[in-house]
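So the structure is just underneath, and the comments pick up after that.
Residue numbers (my numbering): 77 to 402.
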């Protein structure tokens with residue numbers, strides 16, 4: 077009797093196993109091939125001017141066409157910058173003569189922040205020489221941000237004697253880490269910020285001699301994270317006002333950083349700084365943000381970006397492109 081039951085159980089188990097195998101084979105046969113589609117959302121900030129240089133704020137997405145490496149793209153998101161929260165970085169060179177230049181214009185900076193920041197916006201202040209120190213973390217208060225400039229720059233201490241925190245401790249014995257300041261401001265403070273509207277206002281002469289990063293690293297990071305760079309440049313010239321080779325290099329660096337990211341660059345010795353702040357604020361308030369899902373394969377290389385206005389005579393200022401994510 078026991079042997080008979082055992083044989084019955086074995087037959088049942090075998091049949092059950094054969095049913096499972098057949099069912100699995102059927103599911104495999106019916107399963108569609110798994111296709112991975114690389115859909116990437118690309119954010120772009122841009123401003124539009126007419127032939128007289130006036131910023132235009134009444135345009136819609138139907139007024140533009142977008143080309144990614146020459147291929148037309150469908151705009152999936154469009155908004156006016158004034159309707160979006162702004163995340164702003166102030167990157168301030170406090171080495172040498174730059175320290176005195178910035179201190180002379182604290183009131184201009186504070187007025188600029190009052191004009192630009194709303195209660196929903198946030199800004200931070202990064203001071204740099206050979207160290208990168210956070211003068212003020214994210215805040216909507218112009219007073220708090222400007223107060224971050226008023227410490228003793230040589231010791232990098234606040235009024236109460238506490239040190240400003242370093243965002244990236246590094247063993248630099250001297251020099252000016254201009255590229256590192258911009259790179260880490262972008263990657264550590266702005267990359268994770270909510271919303272597409274991001275910008276940096278940089279105060280410097282554009283000269284660098286102690287960074288671990290290069291100008292191209294800064295451009296790549298800013299373009300990828302959709303950060304616009306605005307430059308306020310103060311250059312300490314040689315006797316007679318002559319520019320040295322290093323001066324010329326710094327000037328070209330700041331001009332390129334602004335141009336390749338869609339920003340503006342100002343020479344503080346030629347332009348009234350109040351007017352320069354006003355121009356930056358006007359672009360921040362009067363620009364646009366769009367996004368599209370790129371149909372161009374993402375391979376980590378540079379993608380040339382063109383935003384073209386359909387109406388004749390309009391000039392679009394935006395970043396020159398971006399590096400695709402791998």
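Using N, Cα and C, we set each Cβ at its ideal position, and we do this for glycine too.
By alpha-carbon positions, which one of the options ends up nearest to residue i?
{"i": "residue 253", "options": "327, 376, 167 and 207", "result": "207"}
{"i": "residue 398", "options": "295, 128, 291 and 177", "result": "295"}
{"i": "residue 265", "options": "214, 148, 380 and 331", "result": "214"}
{"i": "residue 368", "options": "131, 123, 143 and 157", "result": "143"}
{"i": "residue 310", "options": "330, 249 and 218", "result": "330"}
{"i": "residue 240", "options": "202, 269 and 216", "result": "202"}
{"i": "residue 127", "options": "327, 400 and 391", "result": "391"}
{"i": "residue 146", "options": "380, 386, 366 and 400", "result": "380"}
{"i": "residue 246", "options": "216, 205 and 267", "result": "205"}
{"i": "residue 198", "options": "212, 187 and 185", "result": "212"}
{"i": "residue 124", "options": "363, 217 and 355", "result": "363"}
With DSSP collapsed to three states, give me the class of residue i.
{"i": "residue 357", "result": "helix"}
{"i": "residue 199", "result": "strand"}
{"i": "residue 370", "result": "strand"}
{"i": "residue 323", "result": "helix"}
{"i": "residue 113", "result": "A caution first: residue 113 carries a pLDDT of 37, below 50, which makes its placement in the model unreliable, though a value can still be read off. Coil, per DSSP."}
{"i": "residue 149", "result": "strand"}
{"i": "residue 315", "result": "helix"}
{"i": "residue 398", "result": "strand"}
{"i": "residue 387", "result": "coil"}
{"i": "residue 170", "result": "coil"}
{"i": "residue 267", "result": "coil"}
{"i": "residue 340", "result": "coil"}
{"i": "residue 213", "result": "strand"}
Report the rounded CA-to-CA distance for residue i versus residue j, giving the unit in angstroms.
{"i": "residue 255", "j": "residue 322", "result": "15 Å"}
{"i": "residue 376", "j": "residue 316", "result": "47 Å"}
{"i": "residue 318", "j": "residue 170", "result": "23 Å"}
{"i": "residue 258", "j": "residue 243", "result": "12 Å"}
{"i": "residue 384", "j": "residue 139", "result": "9 Å"}
Can you give the beta carbon distance from residue i to residue j, rounded, assuming they're within the 8 Å contact cut?
{"i": "residue 349", "j": "residue 176", "result": "Not confirmed; about 14 Å, so no contact."}
Inter-stretch contact at 8 Å, needing at least 3 Cβ pairs: the segment 305-319 / the segment 267-282
Contact between the segment 305-319 and the segment 267-282 is present, with at least three C-beta pairs closer than 8 Å.
Segment contact, 8 Å Cβ cut-off, at least three pairs: the segment 387-401 with the segment 330-348:
The segment 387-401, when compared against the segment 330-348, does touch it at the 8 Å Cβ threshold.
Does the pairing of the segment 176-196 with the segment 218-227 give three or more beta-carbon distances under 8 Å?
Contact between the segment 176-196 and the segment 218-227 is present, because at least three Cβ pairs lie under 8 Å.
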